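The next block holds one structure in the form of structure tokens; read it before the comments.
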Amino acid sequence: MTIKQLSENFSVSGELSEQDFSTLKELGVNLVINVRPDNESSEQVSNEDYQEISRAHSIEYAFMPVKPCEYTDADIKKMQALIQSTDGRVHSFCRTGARAAHLWALTNKQKLSYANLQEILAQHAYDLSPIALRFK
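Just so we're aligned, residue 118 is where the sequence shown starts under my numbering, counting upward by one.
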């Protein structure tokens, strides 16, 4: 797992393994948000299994599946509410981390400019241009 720290309390990555939850726990993460829908690929871990793994590591877990670049206002509000629901660190993931990064950027568009958000994401090889219209 390659953790990409987007802010002091928010990080993203691609798919997680069970061992990754131990690492996240050691890093002080207390909420993991899975934005990848079940059954995108045959080898991916299911939401149900992630719930069990999270519970075993005493990490809160949320499942909010989204398709790439198809983020609704409700998705953005839900992500924002989840992030605000904890005082600790939050980690979100999907297949590559891009959806998680996009949602984080969308929750911060009132605080930071599109250029600032694009710069932060570009440092981690993510791109906001596919959803640029959401920032107008």
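Idealized CB from N, CA, C, for every residue including glycine. In this text the structure is predicted, and so the values were computed from the model without any measurement.
The continuous stretches of beta strand (DSSP E) do not include Glu143, which lies in the alpha helix (DSSP H) extending over residues Glu135 to Glu143. Contact between the region 163–178 and the region 134–147 is established, with three or more Cβ pairs separated by less than 8 Å.
For Leu223, there is no enclosing beta strand (DSSP E); the enclosing alpha helix (DSSP H) covers residues Ala215 to Thr224.
Contact between Val129 and Gly214 holds: their C-beta atoms lie close to 4 Å from each other, under 8 Å. Around the beta carbon of Glu165, fewer than 16 other beta carbons lie within 10 angstroms, which makes this residue exposed. Across the set Thr189, Trp221, Thr203 and Ser202, the C-alpha of Trp221 shows the shortest separation from the C-alpha of Phe210. Judged by pairs of C-beta atoms under 8 Å, the region 180–188 touches the region 145–161, as three or more such pairs exist.
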